[in-house]
Amino acid sequence: MNNKMLNTGTGFTLLETLIVLAIMVIAMTVAIPNIMLWLSNYRLKAAARELYSNMQKAKSEALKRNCSVGITFSTVTFPAQGGGYTIFLDNGDGAGTADNAVQDGGEVTLLPVAMPLGCTLYEASFGGTSRTGYNSRGFPLGNRTGSARLRNNNSVWYEMALSNSGYPKIRKSYDGTNWE
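Structure (structure tokens):
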């Protein structure tokens with residue numbers, strides 16, 4: 194009886210193993226492009242949320258410190274990737290000019306941010322400039338309202354719009370003109 198149990202052949206044959214491996218390879222070739230697309234869209238959405246969060250942080254710093262906080266955007270032309278923004282105290286330290294949304298003199302940098310891989314900060318327009326910020330009361334510095342726009346290669350766009358009340362709002366688009 195023991196010999197009979199040893200010869201019953203438990204386990205997988207080479208053919209069964211090859212079939213399973215072939216199925217796994219086919220599944221991976223279908224899944225990997227979708228995962229890469231999802232990852233690129235996720236990075237862009239995370240960059241838009243980070244911009245929104247940092248705008249809120251700049252506003253709270255302006256209120257907390259009772260001075261202006263400026264934000265300067267650095268854009269790149271799509272399809273190049275990159276761009277970024279810098280948040281700084283716009284208080285006139287070190288012979289700088291206060292409340293001008295330009296980091297001059299010895300005004301302190303609070304947060305430099307670069308766009309993540311696959312994301313492009315391609316446009317920033319706030320009252321005709323690429324600079325904005327918040328005054329000590331939490332309103333847009335110099336009444337510079339407008340928006341900053343980000344995109345990736347997958348035809349997904351995000352816009353962070355700044356209103357007169359100083360409230361940032363994120364909107365999404367699939368064509369760059371119609372915003373949700």
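At position 52 of the sequence shown (counting the first as 1) the number is 245 in the working numbering, and the numbers step up by one without a gap. Built from N, CA and C at the ideal position, the CB exists for glycine as well. Quick caveat: nothing in here was measured; it's all calculated off a predicted structure.
{"Asked": "Residue from E316, V218, G204, M308 with nearest C-alpha to T270", "Found": "E316"}
{"Asked": "Segment limits, beta strand (DSSP E) that includes S366", "Found": "361-366"}
{"Asked": "Straight-line Cα distance separating M308 from K362", "Found": "19 Å"}
{"Asked": "Secondary structure of A224, DSSP reduced to three states", "Found": "helix"}
{"Asked": "C-alpha distance - D375 paired with V295, whole-angstrom precision", "Found": "Any answer about residue 375 is impossible in this case: the structure gives the chain only from 194 up to 373."}
{"Asked": "Opposing strand residues paired with G277 [DSSP bridges]", "Found": "S267, A307"}
{"Asked": "Continuous beta strand (DSSP E) stretch holding A354: start and end", "Found": "350-355"}
{"Asked": "Inter-residue Cα distance where the pair is A240 and W372", "Found": "17 Å"}
{"Asked": "Pairwise C-alpha distance: E243 and C260", "Found": "23 Å"}
{"Asked": "Best match in G335, S329, L214, F281 for proximity to G320 [C-alpha to C-alpha]", "Found": "G335"}
{"Asked": "From T206, S323, S253, residue whose alpha carbon lies closest to that of T265", "Found": "S323"}
{"Asked": "For S233 and N345, believed in contact at Cβ under 8 Å, the rounded distance", "Found": "5 Å"}
{"Asked": "6 Å CB neighbourhood of L256 in its chain, flanking five on each side removed", "Found": "G331"}
{"Asked": "Whole-angstrom distance between R337 and N284, CA atom to CA atom", "Found": "17 Å"}
{"Asked": "Cut-off 7 Å between Cβ atoms - residues of its own chain near K252, not counting five sequence neighbours on either side", "Found": "Y327, G331, G359"}
{"Asked": "Candidates S329, G369, S318, G276, of which the one nearest A354 by Cα", "Found": "S318"}
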